[in-house]
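Everything on this sheet refers to the single structure shown next.
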Amino acid sequence: MAQKPDYATADDPTLVKLAQKGDTVAFEQLVSRHRDKIYARAFSMLRNEDDATDLSQEAWVKGWQRLHQFQGEASFATWMTRIVINLCLDQLRRLKRVRTDSIDQMDNETGGVERQMPIINPNPTERLERGELRQRIDRALNQLSYEHRTVLVLHEFEELEYKAIAKKMGCSIGTVMSRLFYARRKMASLLAGLKREELR
Amino acid sequence: MKTEDQLRLQAYLDNEVSSSEARQIASWIARDPEAKALYDELQGTKALLNAENELPVTVPDSRDFYWSKIQREIERAEREPARATATVRPWWIRIMAPVAATAALALVLFTSISTAPTTQKAMGSTEVSDWDNGTITFRSKEDGMTVVWMPASVVTADVSDVQTTIPVEPNTQDEP
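One line per chain: the protein sequences are A and B, in this order.
Our numbering numbers the first residue of the first sequence as 1 and each following residue consecutively.
Our numbering numbers the first residue of the second sequence as 1001 and each following residue consecutively.
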């Protein structure tokens, strides 16, 4: 008689192998371990709790259905993160289609005023506590258009190269470079602005 | 500074240029204060935006509640292909089913009209109930129609209660 595995202490590759054979308890353990990471990535892109919860759950369902395709080249968490990112990008494309364009939106898309913006003093957030810095960065990210935020998230937090981002977002490498540039400049401006506001 | 040059500076920062181009850009930054200032700003922002500085967020639902929806969706998705396979029937059944239903309907009509165990007449209409096979036939001369209700047990096709309307005296004046 086969010995029952200790799910709580088993490593990810072991749980993945069990799940690939149809063991849902092993899969639930994987969900439990990585659900915050997958949810956080969805939230960082969508900026909405309900949408992030729904899409992260959808990602787990897709993960289960495609588990036989997982070969272990990347870690399981990285593989799952790629799935949730793709779902978020699909969702954002759908939202973009129904959204009414405005002059502000067009400005955001092309970079607008950031191109002529004066150079910001680097490290505007120096001497901040980690928690405060995180809050400030999150608030600034929240003010970016979704195209700019997405490219920043994929490049800085997921460490994807220009080419990979272009493929995921369905645009040219030039567009990725342009969006990333304006996103960074906007972030520098927002972070400096937040600092000034707090000093008053 | 041209947009193209701004993007070249950024590509250098992100290690997205060839080694020869990297040397050219490094030299440009060293001699051009404007390029140096922009490069420093981009570098400062990049340094702040790393995974460690990302605000940690957690799933707002409990573990069990979060998993229950995933489990439900997995089970539902796995049931659906099985159900789709189960509903595929042989071609001869698909062809014969409507024929059998029509034949059964004709038979019921014939027997109910010929035996007519219970008959009610009112205002130019007739209702016939056949308790043996459970059918009810309603005929209205005024409206020029006959309606037959029959239970699913009478008809072998995939229908529960069948309601059929047969005009006995078509009113051609209403045709377009």
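All C-beta atoms in this analysis are idealised placements derived from N, C-alpha and C, irrespective of residue type, glycine included.
- Is A192/A helix, strand or coil by DSSP? helix
- Who are the Cβ neighbours of H68/A in its own chain at under 7 Å, not counting the five residues just before and after it? Q20
- Task: Enumerate in chain order the residues of its own chain whose CB-to-CB distance from Q958/B is below 8 Å, with the five nearest sequence positions on each side excluded.
- Result: Not covered by the structure: residue 958/B. The range shown for chain B is 1001 to 1176.
- Reference S178/A; option with closest CA among H155/A, E159/A, A192/A: Comparing Cα positions, the closest option is H155/A.
- Message: As a quick exercise: from L144/A, D12/A, L190/A, E28/A, pick the residue whose alpha carbon is nearest that of I120/A.
- Response: When L144/A, D12/A, L190/A, E28/A are compared, the shortest CA-CA separation from I120/A is found for L190/A.
- Helix, strand or coil: which one does DSSP assign to T53/A? In this structure, DSSP gives T53/A a helical state, which the three-state scheme calls helix.
- Secondary structure at I173/A, three-state DSSP: helix, strand or coil? helix
- Message: Less than 9 Å between CB atoms is the rule here; does P1117/B satisfy it with respect to chain A?
- Response: Here the model assigns P1117/B a pLDDT of 48, short of 50, so the residue's position is not dependable, and the following value carries that caveat. No, its Cβ sits nowhere closer than 9 Å to a Cβ of chain A.
- Query: Are K96/A and L144/A close, meaning C-beta to C-beta below 9 Å?
  - Reply: K96/A is not a Cβ neighbour of L144/A, given a cutoff of 9 Å.
- Task: Could you check the C-alpha separation between Y39/A and S56/A for me, to the nearest Å?
- Result: S56/A has its alpha-carbon roughly 5 Å from the corresponding atom of Y39/A.
- In chain B, which residues lie less than 7 Å from R35/A when you measure between Cβ atoms? V1059, Y1066
- Message: Please confirm whether L1105/B has its beta-carbon closer than 9 Å to some beta-carbon of chain A.
- Response: For L1105/B, no CB of chain A lies under 9 Å from its own CB, so it is not counted at the interface with that chain.
- Answer yes or no: do L1055/B and D138/A have a C-beta to C-beta separation smaller than 9 Å? For L1055/B and D138/A, yes; Cβs fall inside 9 Å.
- Query: Would you say A10/A and Q29/A are within 9 Å of each other, going by their C-beta atoms?
  - Reply: Contact flag set, yes.
- Task: May I ask you to report which of helix, strand or coil DSSP gives D11/A?
- Result: Three-state result, D11/A: coil.
- Check the Cβ-Cβ distances between E28/A and every residue of chain B, and say whether any is below 9 Å. yes
- Message: Quick check on DSSP: helix, strand or coil for Q71/A?
- Response: coil
- Query: Over what stretch of residues does the alpha helix (DSSP H) that includes I119/A continue unbroken?
  - Reply: Note, I119/A: premise wrong, no alpha helix (DSSP H); not H, not E.
- Continuous alpha helix (DSSP H) stretch holding V266/A: start and end: Past the edges of chain A, shown from 1 to 200, lies residue 266/A, and the structure says nothing about it.
- Hey, N1053/B and R134/A are a contact pair by Cβ (cut 8 Å); roughly how many whole angstroms apart? With a Cβ gap of about 6 Å, N1053/B and R134/A count as contacting.
- Message: For the structure I just gave you, are there three or more beta carbon pairs, one from the segment 1059-1079 of chain B and one from the segment 47-54 of chain A, closer than 8 Å?
- Response: yes
- Item | Beta-carbon gap between A26/A and V84/A smaller than 9 Å | no
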